[in-house]
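Protein chains in written order, with the working numbering: chain A, 178 to 569; chain B, 178 to 569.
Glycine residues also receive a C-beta, built at the ideal position from the N, C-alpha and C atoms.
Here it is, written out as structure tokens:
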């Protein structure tokens with residue numbers, strides 16, 4: 178199988194056969210280059226990351242789980258540097274091609290995983306999501322993608338960034354594959370029962386480009402019909418931008434603490450934007466940090482209130498489809514900030530979220546997200562499966 | 178001629194013969210990779226710098242002047258990234274070996290030029306000095322090095338950093354070669370007449386490591402004898418650290434303005450410390466900038482007052498000899514700041530300064546600097562020649 182879309186990390190392609198007879202037998206998967214694969218250096222999307230580090234002796238929990246499930250690993254995929262990035266442009270390994278939106282970024286930081294699945298190079302792929310790194314590429318590449326409940330999936334052998342927000346996620350092109358992989362990763366059957374109440378996050382729909390809300394409208398209508406009961410509400414009474422501000426303070430502080438010893442010891446190379454993000458994490462004033470921690474508590478309270486058992490919430494995964502590749506930072510920076518306004522609740526509150534494909538704006542994919550109560554991951558996958566079944 | 182010390186930029190070595198019959202005939206020189214050489218991409222010490230830029234069609238003024246003078250160009254040398262660095266450790270091209278202080282940094286940013294001359298790979302080499310980038314490697318590698326009067330040497334074809342401080346300088350191992358090259362670069366004969374008064378900057382000697390002041394004492398004594406009249410005075414009544422603070426505000430602001438369009442357009446890769454330096458330049462508060470500009474005026478007034486015609490001032494070029502290579506940023510950052518305390522007057526006031534070799538601390542080279550009135554460059558070279566003549 179050739180890979181002319183730059184989804185896999187440069188160099189020899191790793192391949193490890195899955196366990197014979199597993200439920201995922203016959204499926205192939207790729208792993209974002211943040212996940213340890215025994216005998217293969219973990220690249221982390223930055224050529225200075227592996228220097229001086231031991232080659233992993235064992236697989237990460239996620240890779241081992243998919244191999245045990247029967248899926249075959251066919252490669253490691255390009256990621257934004259040490260998962261710091263939301264667009265998928267990597268100065269070291271290049272920008273994986275988004276075959277569903279030619280000339281557009283794949284989204285990041287799980288860029289290569291999403292691009293590989295979208296291009297049909299594998300059936301599923303592992304990603305990580307701290308501030309949107311599975312959800313955004315799922316939206317931009319027209320895929321199913323899940324950010325599980327924070328703390329639910331074992332992150333052993335996964336390169337950390339901001340541990341109170343880090344999660345392991347995965348992608349698939351179709352809901353059937355998505356459900357099969359999810360059952361293995363979650364260690365739980367996908368239920369038949371669906372939620373009974375849908376909240377439509379009107380602030381998030383209002384924040385997205387007008388074309389996005391319009392493009393998602395048919396799917397929201399179908400979702401409402403599937404669930405039975407729906408109502409409109411505001412997700413973030415304090416403001417989506419206020420939630421984003423809290424996330425943009427807390428996450429970089431943690432990332433700074435994660436990477437500071439490496440920066441000090443190795444003075445590694447980064448794209449300017451990545452170094453900037455890290456450095457800004459070292460400069461958050463204590464008062465801002467204290468406030469952001471309090472706002473995080475408010476967000477958790479709000480999300481728990483909005484999402485009692487049996488309820489899900491929907492919103493656009495991203496406020497616009499994939500931007501063009503190769504744009505200047507002065508264009509991209511405001512786009513990043515807008516994306517964070519729709520993604521911040523994931524890192525702040527830790528609820529599970531699934532991005533659903535099927536909608537387009539001017540031919541470009543755009544995802545509809547559903548969020549459920551903490552621990553309701555399998556139910557969100559059930560909704561994805563039921564909705565696709567209804568659509569076909 | 179082999180180069181196993183990493184002084185030259187990787188890749189094919191450029192060679193251009195000097196004009197037959199010039200006063201520099203028989204001499205070889207190297208050019209820091211900030212100077213344009215026709216037909217050769219200017220690397221700038223950063224692998225993303227040349228991308229998308231036209232290959233220079235003509236030589237920089239400095240390269241053309243040495244070629245016209247009869248010297249033969251034998252290569253381009255490693256530099257700290259876009260001249261941002263004072264130690265000479267480059268994450269892209271490596272750290273040129275300091276053959277005069279094994280295991281120690283060569284100093285930067287004109288690291289390869291100094292290392293090449295120190296190792297005898299060429300007779301002279303072009304560098305640039307904005308905040309110390311010729312003076313520091315001259316001190317660390319035991320070479321003659323000059324930072325000319327600001328604005329005196331044509332900087333056409335030289336990659337700029339902070340134009341109100343940028344200068345073109347050069348290195349040599351012996352005073353005779355240094356004088357010959359200086360006469361060509363300055364377009365002025367080196368005079369026989371020497372200054373008649375020497376000021377010993379007691380604050381600068383007091384700021385250096387005790388071993389440095391002690392090591393330089395014999396040379397200061399010889400210099401005082403050569404000049405005839407000497408006295409002690411404070412160079413920086415406001416404080417060396419106050420002068421350094423002004424320089425550390427003004428230079429990064431200018432560097433930010435120089436490189437900002439490139440950063441925005443290309444999001445280039447940098448060692449973390451370089452990206453940090455650039456970003457901090459964008460964050461200097463306006464009140465700090467205004468103050469620094471006023472302090473620069475004070476420094477200019479002080480240096481003009483200290484250095485009437487016929488007077489020179491001496492101080493240690495650096496507060497210590499070359500640090501070990503490969504140290505963490507937390508060790509190097511305070512060293513950088515201390516170096517700036519002894520170098521700030523150059524960028525702030527623009528007076529010419531020559532670093533003189535010949536002293537060592539524990540076997541490691543340390544330079545003694547002489548500074549003269551603006552325009553007295555040739556006289557400083559004359560002092561260097563006379564002092565070496567006296568010593569031999």
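{"Query": "Would you say residue 449 (chain A) lies against chain B (beta-carbon separation less than 9 angstroms)?", "Result": "yes"}
{"Query": "By the 10 Å Cβ neighbour count, where 16 or more other Cβ atoms means buried, how is residue 389 (chain B) classified, buried or exposed?", "Result": "buried"}
{"Query": "Anything in chain B within Cβ reach of residue 465 (chain A), meaning under 7 angstroms, just list it in chain order.", "Result": "By Cβ distance, chain B contributes nothing, its closest Cβ being about 15 angstroms from residue 465 (chain A), past 7 angstroms."}
{"Query": "To test your reading of the DSSP string, which unbroken beta strand (DSSP E) runs of 3 or more residues are found completely within the stretch 486-565 of chain A?", "Result": "488-493, 530-538, 541-548"}
{"Query": "From the beta carbon of residue 444 (chain A), is the nearest beta carbon of chain B less than 9 angstroms away?", "Result": "yes"}
{"Query": "Please report the straight-line C-alpha distance between residue 199 (chain A) and residue 237 (chain A), rounded to a whole angstrom.", "Result": "18 angstroms"}
{"Query": "For chain A, is any of its Cβ atoms less than 9 angstroms away from the one on residue 432 (chain B)?", "Result": "no"}
{"Query": "At least one CB of chain A closer than 9 angstroms to the CB of residue 269 (chain B): is that the case?", "Result": "yes"}
{"Query": "Please list, in chain order, all residues of the same chain as residue 363 (chain A) whose beta carbon is under 6 angstroms from its beta carbon, the five residues on each side excluded.", "Result": "554, 555"}
{"Query": "Should the stretch 448-458 of chain A be called in touch with the stretch 438-453 of chain B, which here means at least 3 C-beta pairs below 8 angstroms?", "Result": "yes"}
{"Query": "Tell me the residue span of the beta strand (DSSP E) that contains residue 286 (chain B).", "Result": "Unbroken run through residue 286 (chain B): none, as it is neither H nor E."}
{"Query": "For residue 358 (chain A), I'd like the list of residues in its chain whose CB is within less than 7 angstroms of its CB, leaving aside the five on either flank, ordered along the chain.", "Result": "201, 301, 347, 349"}
{"Query": "Check whether chain E comes within 9 angstroms of residue 452 (chain A), counting only Cβ atoms and requiring the distance to be less than that.", "Result": "No chain E appears in this structure, whose protein chains are A and B."}
{"Query": "DSSP three-state call for residue 425 (chain A): helix, strand or coil?", "Result": "helix"}
{"Query": "For residue 530 (chain B), which of B:309, B:405, B:563, B:433 has the nearest alpha-carbon?", "Result": "B:309"}
{"Query": "Within the present structure, is the beta-carbon of residue 346 (chain B) separated from the nearest heavy atom of the ligand NAP by less than 8 angstroms?", "Result": "This structure simply doesn't include the ligand NAP, nor any ligand for that matter."}
{"Query": "Does the beta-carbon of residue 232 (chain A) have 16 or more other beta-carbons within 10 angstroms, so that it is buried, or is it exposed?", "Result": "exposed"}
{"Query": "Give the C-beta separation of residue 250 (chain A) and residue 196 (chain A) to the nearest angstrom, bearing in mind that I take them to be a contact with Cβ-Cβ under 8 angstroms.", "Result": "Incorrect: roughly 12 angstroms between the Cβ atoms, too far for contact."}
{"Query": "Using CA atoms only, rank isn't needed, just tell me which of A:214, A:240, A:227, A:220 is closest to residue 234 (chain A).", "Result": "A:214"}
{"Query": "According to DSSP, which residues form a beta bridge with residue 267 (chain B)?", "Result": "B:271"}
{"Query": "So which residues on chain B does residue 507 (chain A) lean against when the C-beta distance must stay under 8 angstroms?", "Result": "441"}
{"Query": "For a test of the three-state rule: what should DSSP assign to residue 251 (chain A), helix, strand or coil?", "Result": "strand"}
{"Query": "Apart from the five residues on each side of it in sequence, which residues of its chain come closer than 7 angstroms, Cβ to Cβ, to residue 367 (chain A)?", "Result": "356, 359, 360, 555, 558, 559, 562"}
{"Query": "Write down every uninterrupted run of the alpha helix (DSSP H) in the stretch 387-474 of chain B whose length is 4 residues or greater and which is fully enclosed by it, in chain order.", "Result": "387-404, 417-443, 449-458"}
{"Query": "Is the separation between the beta-carbon of residue 338 (chain A) and that of residue 431 (chain A) shorter than 9 angstroms?", "Result": "yes"}
{"Query": "What separation, rounded to the nearest whole angstrom, lies between the Cα atoms of residue 486 (chain A) and residue 478 (chain A)?", "Result": "15 angstroms"}
{"Query": "Helix, strand or coil: how does DSSP classify residue 349 (chain B) here?", "Result": "strand"}
{"Query": "Residues bridged to residue 205 (chain A) by DSSP?", "Result": "A:249"}
{"Query": "Looking only at its chain, what residues have a beta carbon closer than 6 angstroms to the beta carbon of residue 532 (chain B), apart from the 5 residues adjacent to it on each side?", "Result": "312, 315, 316, 322, 494, 544, 546"}
{"Query": "From B:306, B:352, B:373, pick the residue whose C-alpha is nearest to that of residue 340 (chain B); which is it?", "Result": "B:306"}
{"Query": "Using three-state DSSP, classify residue 336 (chain A) as helix, strand or coil.", "Result": "coil"}
{"Query": "Nearest chain B C-beta to residue 455 (chain A) closer than 9 angstroms, yes or no?", "Result": "yes"}
{"Query": "Using CA atoms only, rank isn't needed, just tell me which of A:240, A:394, A:332, A:187 is closest to residue 205 (chain A).", "Result": "A:240"}
{"Query": "Would you say residue 266 (chain B) faces chain A, with C-beta separation under 9 angstroms as the test?", "Result": "yes"}
{"Query": "Who are residue 303 (chain A)'s beta bridge partners in DSSP?", "Result": "A:208, A:347"}
{"Query": "Between the stretch 489-509 of chain A and the stretch 462-479 of chain A, do at least 3 Cβ pairs fall closer than 8 angstroms?", "Result": "no"}
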